[in-house]
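Q: All you need for our numbering is the position in the sequence shown, starting with 1, plus 118. C-beta: ideal position from N, C-alpha, C; glycine also.
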Amino acid sequence: MTRTTVVRAVLAVLVLLASLFAVLTQSPRLGLDLQGGTRMVLETRDTAAAQADAATTDRTIEVLRQRIDALGVAEPVLARSGENRIVVELPDVQDPRRAAEVLGRTAQLAIHPVEEPPEEGTAEEGTAGRRVLPDEQGRPVALGAAALSGAGVQDAEARFDPQQGTGWHVALDFRGDAARDWAALTGRAACHPVGDDRRRVAIVLDDKVISSPQVDPSVGCGSGIASGATRITGAFDAAEARELALLIKGGALPVPVETVDQRIVGPTLGAAAISASAQAAAVGVSLTALFVTFVYRLFGALAAVALAAYGVISYAALVALGVTLTLPGLAGFVLAIGMAVDANVLVLERAREEYQNRSRRSPRSLRSTMSTASRKAWTAVADANATTLLAAGLLFLLGSGPVKGFGVTLAIGVAVSMFSALVVARALTDVAARFPFVDRFRTVSGVGAPGRVRTFLTRRRPRPMRTPRRWLTVSAVLVAVAVTGILVRGLNLGVEFTGGRLVEYATTRTVDADTARSAVAQAGFPDAEVTTADGRDVSVRGAGIDDDGVAAIGDALAGEGGGTATKLRDELIGPSMGEELRRNAMIALGIAVVAQLVYLTARFRWTFAAGCVVALVHDVVVVVGAFAWLGRPVDGVFLAALLTVVGYSVNDSVVVFDRVRELWRREPRGALPALADSAVLQTVPRTVNTGAGALFILAALAVLGDGALADFAIALIVGVCVGTYSSVLTAVPVALLLEAGRPAPAAAGRPRTGAPRRTARDNGAVV
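#1: Mind checking residue 336: buried by the 16 CB within 10 Å criterion, or exposed?
#2: Considering residue 207, what are the terminal residues of the alpha helix (DSSP H) in which it resides?
#3: Please state whether the Cβ-Cβ distance between residue 118 and residue 618 is less than 7 Å.
#4: Curious, which full-length alpha helix (DSSP H) runs of at least 4 residues does the stretch 615 to 641 contain?
#5: Kindly indicate which residue of 640, 575, 676 and 692 has the alpha-carbon position closest to the one of residue 624.
#6: Go through the stretch 659 to 709 residue by residue and report every complete run of the beta strand (DSSP E) that reaches 3 residues or more, in order.
#7: First and last residue of the beta strand (DSSP E) that includes residue 227?
#8: Please list, in chain order, all residues of the same chain as residue 247 whose beta carbon is under 7 Å from its beta carbon, the five residues on each side excluded.
#9: Report the rounded CA-to-CA distance for residue 171 versus residue 701, giving the unit in angstroms.
#10: Under the three-state reduction of DSSP, which class applies to residue 430: helix, strand or coil?
#11: So what does DSSP say about residue 254, is it helix, strand or coil?
#12: Quick check: what's the CA-CA separation for residue 610 versus residue 502?
#13: Taking the Cβ atom as the reference point for each residue, do residue 363 and residue 234 lie within a distance shorter than 7 Å?
#14: Considering only the alpha carbon of each residue, which of 666, 126 and 798 lies closest to residue 846?
#15: Could you tell me if residue 704 is buried or exposed, where buried requires 16 or more neighbouring beta carbons within 10 angstroms of its beta carbon?
#16: I'd like the list of long-range same chain contacts for residue 818, defined as Cβ closer than 6 Å, with 5 residues on each side in sequence excluded.
#17: Just reading off the beta strand (DSSP E) that residue 195 is part of, what are its end residues?
#18: What residue range is occupied by the uninterrupted beta strand (DSSP E) comprising residue 381?
#19: If I'm right that residue 851 touches residue 589 with Cβ under 8 Å, what's the distance once you round it to whole angstroms?
#20: Return the chain-ordered list of same chain residues with a C-beta closer than 6 Å to the C-beta of residue 175, the five sequence neighbours on each side being excluded.
#21: DSSP three-state label for residue 722, please.
#22: By how many angstroms is the C-alpha of residue 333 removed from the C-alpha of residue 311?
#23: Quick one: which unbroken beta strand (DSSP E) runs of 3-plus residues sit fully inside the stretch 330 to 354? Chain order, please.
#24: With contact counted as at least three CB pairs below 8 Å, one residue from each stretch, are the stretch 136 to 143 and the stretch 563 to 581 in contact?
#25: Report the three-state DSSP secondary structure of residue 277 (helix, strand or coil).
#26: Can you look up residue 310 in the DSSP assignment and give me helix, strand or coil?
#27: What is the DSSP secondary structure of residue 441, counted as helix, strand or coil?
#28: Where does residue 553 sit, in a helix, a strand or coil, going by DSSP?
#29: Locate the alpha helix (DSSP H) running through residue 315, then write down its first and last residues.
#30: With a CB to CB cut of under 6 Å and the five nearest residues on each side skipped, what residues in its chain are close to residue 194?
#31: Among residues of its own chain, excluding the 5 on either side of residue 434, which ones have a beta-carbon nearer than 6 Å to its beta-carbon?
#32: DSSP three-state call for residue 767: helix, strand or coil?
#33: Please classify residue 789: is it buried, with 16 or more other beta-carbons within 10 angstroms of its beta-carbon, or exposed?
#34: Grouping DSSP H, G and I as helix and E and B as strand, with all else coil, what is residue 267?
#35: First and last residue of the beta strand (DSSP E) that includes residue 154?
#36: Please classify residue 730 as buried or exposed, where buried requires at least 16 neighbouring CB atoms within 10 angstroms.
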């Protein structure tokens, strides 16, 4: 074996061993739907400056969401109940005390001037109109009205200062008017003598003075500290300082909140649904492995082994990074296994074409053929995955909640799939290609025969790009039908977008979660979210539950719970995917699309990039329209599926345009429509085989999975089918029409100096 092969093999073994160690020694963080967690009900309180109405409560939800994300509780659910209540569900939090630590601190930050010291024996409550609180040493100090609040904080950071001996502290930077107020406050305090209590300013957090420093003697009277910066000192350790900085940086709560109820709840999905989903995943992955083995024989079987390695490594990465796994997330993870076959198919289809072309002129070893195929397929693999990684990074940086979590999962899947194809699969095929039997009988390896799809296309030689406008007409009709469905039937928005009703019942005897879900489904609400707590409390949350529905659910639960089901709570619930979260998701997605457009323009041409983006928009509209016609719910699960479709669509289009670019470089004077025809025909085998691998898994999830997972699979089945069509018959025609009359770029048409001129037959297929 060559040194490179040995390095790949050793690297693959080391990564696999490390992944197995992580899987066996660490437990995954499961979401509320798989494991359950803590449900809390918070109530906002009025203050002298603000009323706890619906608008103020909505702003409080967004601040709490930022803090929960910052403190490491992933995939939380927050929704407004009524005017001033907030329902919070924290997955993987089984200890209510821990939940109270996460949300119990309101972090109401205020900075006050210190007035004349109170007389001896005064109480901590205010006297003569003054507010008296103990300082950090326990000595009472009189505070004037708050001069600044936490709302003016621009940044908060935990820092360690060993030189001045202050240890850990929190550095604050104020913005705009708050910075001027800080300068005025410190300027007034500086007018008093050093050592006078009135030269101090008090930093109060949740009605507790945590720091009350004297203004430095260097600060002049009236001028104050103009930098707009200060720091909170105290006996903090590193963890306390970081937590305080996160709470403050998350933003001040508009109004204080009080915990009125907290309890541990069971998973929102029953054991039967989870078991069915696991069976669907096993069946789908097995069918994909068998399909790849059937099409590519020995090398296909090795690709299936590489896919198994991909599953282990990516799962280990998710566990090691502490990513919260929900059922849609696991479904996306399983789907990624099917899509990870793409890079392997790219290399194997390229090897088939290389073998077919080379054998006509001169024989070549199988190992050399595979090496050349891997090298030529690299640009398509790199560009396709680079665009997906770019989108994943922007979704993580700019999104929040489930959008941020999807970005993490997507990035891990892309990185590991490249490692699986370029290291694990390459090492296995390099070793297998060295056996004389495999090298002599190429049909055993799977690359010695062109394959049925390639044989059919070679014999018929269709010219799909001869009239590109007809394909755009078909695409326009599909979009028109989708838009008509959206306008006529409307979108069946889920409870995450529209809100709904939360009803809680107490039964006479214990009702398990699966029985409760079955009863609620029989009452006419199969899509409602059902959780249990303490064995006898059943919570039902869903959209469209009217008074008759409440009665029907109560009767159904009474039949299973000993004859009675007492209604404990009945509240209207606002959308858990709030306006700010939806807006941030759209902004993140829009910026991701623009970034992909810029990248593809730099790597290809702006016309090719425009074709990719038009195909992407086409796919999104068609998938949304399909769900409108089908009446399926548009919820958080659908959002995850739609983001997956976006990545899949761009990936497919990039592969086709990579082949167009390659052929154009070889024949700079050739007609672009003819080159596009050749590129499309050469990439169709890869497109068909990759799509088939993903569809096996999706079909299994749609048939065997539960309701939410079936919706996820249906959305992706539509997306994969439409994406396969649009990557060829929408993106390429758009680029051809935009290129009409434009000269071919010099960089795209000039072969490198000294490089031999290739013939049109030496085209090296793509996948």
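A: Looking at the coordinates:
#1: exposed
#2: Per DSSP, residue 207 belongs to no alpha helix (DSSP H); it is in the beta strand (DSSP E), 203 to 209.
#3: Given that the chain is displayed from residue 119 to residue 885, the structure contains no residue 118 and the question cannot be resolved.
#4: 631 to 640
#5: 676
#6: 683 to 691
#7: 227 to 231
#8: Note that residue 247 scores 45 on pLDDT, short of 50, meaning its location in the model is unreliable and no value can be drawn from it.
#9: 22 Å
#10: helix
#11: coil
#12: 33 Å
#13: no
#14: 798
#15: exposed
#16: 398, 401 and 402
#17: 195 to 199
#18: 375 to 383
#19: 5 Å
#20: 162, 198 and 202
#21: coil
#22: 10 Å
#23: 347 to 354
#24: no
#25: strand
#26: coil
#27: coil
#28: coil
#29: That residue, residue 315, is in no alpha helix (DSSP H); it is neither H nor E in DSSP.
#30: 186 and 208
#31: 137, 140 and 141
#32: helix
#33: exposed
#34: strand
#35: Where residue 154 is concerned, there is no enclosing beta strand (DSSP E), given that its DSSP letter is neither H nor E.
#36: buried
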